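Numbers given in the working numbering equal positions in the sequence shown, counted from 1, plus 7. Everything on this sheet refers to the single structure shown next.
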Amino acid sequence: MNVINKPLISVILPVYNSEKYLHLAMESIISQTVDNFELIIINDGSLDKSFEILSNYAKIDSRICLINQSNQGLVKTLNQAIEIARGEYIARMDADDVALPHRFASQLNFLWEKKLDICGASVQLIGTATGYWHYPYSHEGCEAELLFGVPFAHPSVIGRSEVFKELRYSSEWPLVEDYDLWQRAWAAGFKMGNLPEALLQYRTHRKQTSSLYRRQQAQNSQRIRSRHWQQLLSVKLGIARTEAQEAEKDPWKTFQLLWQLKQCYKGTEAEKNLDHAFLRLCSHRLHSWVLDRTS
């Protein structure tokens with residue numbers, strides 16, 4: 008790679024057996040309207056022609072840093088790329104998705120305008136599903152979304168480099184490493200939000216991790232939800248961790264605390280979304296409580 012001055016963005020692209028759609032992902036990145044970036048690609052032991060495809064791109068684009076290694080898994084691969092990233096911002100990308108040409112430009116403007124540390128965007132579904140996924144616009148909305156799920160589409164994220172370098176992905180949370188990272192980023196005081204515009208085409212298919220290992224993913228997600236519940240109640244209401252833990256076992260106490268929590272968001276642009284979010288969470292907690300009592 009021809010080393011350029013410090014790039015504005017470091018794009019991180021992990022690759023594993025992705026030959027079928029890889030050229031679409033690559034073309035969508037190298038054609039971005041913002042061209043001051045380095046593209047860090049780690050071929051994580053692919054057994055198909057992924058490395059051959061990537062090598063051809065690396066020969067003609069000096070912004071590409073291509074690393075070929077034995078299979079290490081997603082978390083180690085992401086952290087390795089973060090370690091060598093030189094950009095002021097780090098952007099995620101997956102090898103089977105397609106970024107719209109103005110993705111980086113739009114997200115950078117949104118980060119600067121809203122003074123955010125992490126920014127995602129809505130995504131258009133392609134592949135085995137169609138439609139759109141939308142995520143909370145404001146920091147307050149993301150804060151509440153963490154109570155029951157991820158506030159971002161992972162491959163749509165761009166953030167300040169220090170967020171990723173300070174926190175890193177954790178191997179203790181397989182299949183939900185992004186959920187864990189965003190929750191820890193919130194706890195560390197980083198600000199987050201999403202552009203309502205769809206800036207990424209997100210490919211869905213039957214081989215995705217989320218379809219193969221849903222039980223383990225659900226269990227780990229619940230642990231992160233519980234962690235955020237306890238921390239958010241402490242920050243917003245001054246509730247002790249032990250009291251928050253006890254409330255998780257009592258649906259009536261949960262409803263009371265959620266109502267108090269909801270009042271903290273009065274007047275914010277996320278208020279309408281929070282009504283629906285809290286109803287979902289109340290329903291989830293009641294369902295879990297009933298299952299516990301009948302099992």
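Yeah, the Cβ is synthetic: ideal placement off N, Cα and C, and Gly gets one too. These numbers were taken from a predicted model, which means no experiment stands behind them.
Inset, instruction - Give a yes or no on whether the C-beta atoms belonging to Y176 and V82 are separated by under 7 Å. - result: yes
Inset, instruction - Helix, strand or coil for Q3, going by three-state DSSP, please let me know. - result: The displayed coordinates of the chain run from 8 to 302. Any statement about residue 3 would go beyond what the structure contains.
Legend entry - Sufficient close CB pairs (3 or more, under 8 Å) joining the stretch 234 to 250 to the stretch 156 to 166: no
Inset, instruction - Determine the burial state of S129: buried for a count of at least 16 other Cβ atoms within 10 Å of its Cβ, exposed for fewer. - result: buried
Inset, instruction - Tell me the start and end of each unbroken alpha helix (DSSP H) in the stretch 135 to 163 that is at least 4 residues and wholly inside, in chain order. - result: 146 to 152
Legend entry - T211 in three-state terms, based on DSSP: strand
Legend entry - Minimum C-alpha distance to F197 - residue among N43, S145 and V41: S145
Inset, instruction - Could you give the DSSP three-state label for S168: helix, strand or coil? - result: helix
Legend entry - G44 - DSSP class collapsed to helix/strand/coil: According to the sequence as given, residue 44 is Phe; it is not Gly. F44: strand per DSSP, three-state reduction.
Legend entry - Where V242 sits in the DSSP three-state scheme: helix
Inset, instruction - Evaluate Y96 with the Cβ neighbour count: other Cβ atoms within 10 Å of its Cβ, from every protein chain shown; 16 or more gives buried, anything less gives exposed. - result: buried
Inset, instruction - Tell me V130's beta-bridge partners as DSSP assigns them. - result: W140 and L207
Inset, instruction - Taking 7 Å as the cut-off, decide whether the C-beta atoms of G127 and F159 are in contact. - result: yes
Legend entry - Which residues DSSP lists as bridging V311, in chain order: Nothing about residue 311 can be read from this structure; the chain reaches only from 8 to 302.
Inset, instruction - Count the other CB atoms, across all protein chains shown, that sit within 10 Å of the CB of L61; report buried if there are 16 or more and exposed otherwise. - result: buried
Inset, instruction - Can you say whether S290 is buried or exposed, counting buried as having 16 or more other CB atoms within 10 angstroms of its CB? - result: exposed
Inset, instruction - Mind reading off the beta-carbon distance from F111 to A102? Whole number of angstroms is fine, and I expect it under 8 Å. - result: Actually they do not touch by this definition, with Cβ atoms about 17 Å apart.
Inset, instruction - Jot down the residue ranges of each uninterrupted alpha helix (DSSP H) in the stretch 45 to 129, minimum 4 residues, whole runs only, in chain order. - result: 57 to 67, 81 to 91 and 110 to 121
Legend entry - First through last residue of the alpha helix (DSSP H) which encompasses L264: P258 to Q270
Inset, instruction - With a 10 Å radius around its C-beta and 16 neighbouring C-beta atoms as the bar for buried, classify D42 as buried or exposed. - result: exposed
Inset, instruction - Indicate whether the contact test is met: 3 or more Cβ pairs, each with one atom in the stretch 177 to 187 and one in the stretch 135 to 143, closer than 8 Å. - result: no
Inset, instruction - For chain B, find out if any of its Cβ atoms is closer than 7 Å to the Cβ of S129; answer yes or no. - result: Note that chain B does not occur in the displayed structure, where there is just one protein chain.
Legend entry - Meets three-Cβ-pair contact criterion under 8 Å: the stretch 148 to 158 and the stretch 219 to 235: yes
Legend entry - Burial state of P143, where buried means 16 or more other Cβ atoms lie within 10 Å: buried
Inset, instruction - Leaving aside the five residues before and after Q114 along the sequence, list all residues of the same chain whose C-beta is less than 6 Å from its C-beta, in chain order. - result: C126 and I165
Inset, instruction - Pick helix, strand or coil for N24, following the three-state DSSP scheme. - result: coil
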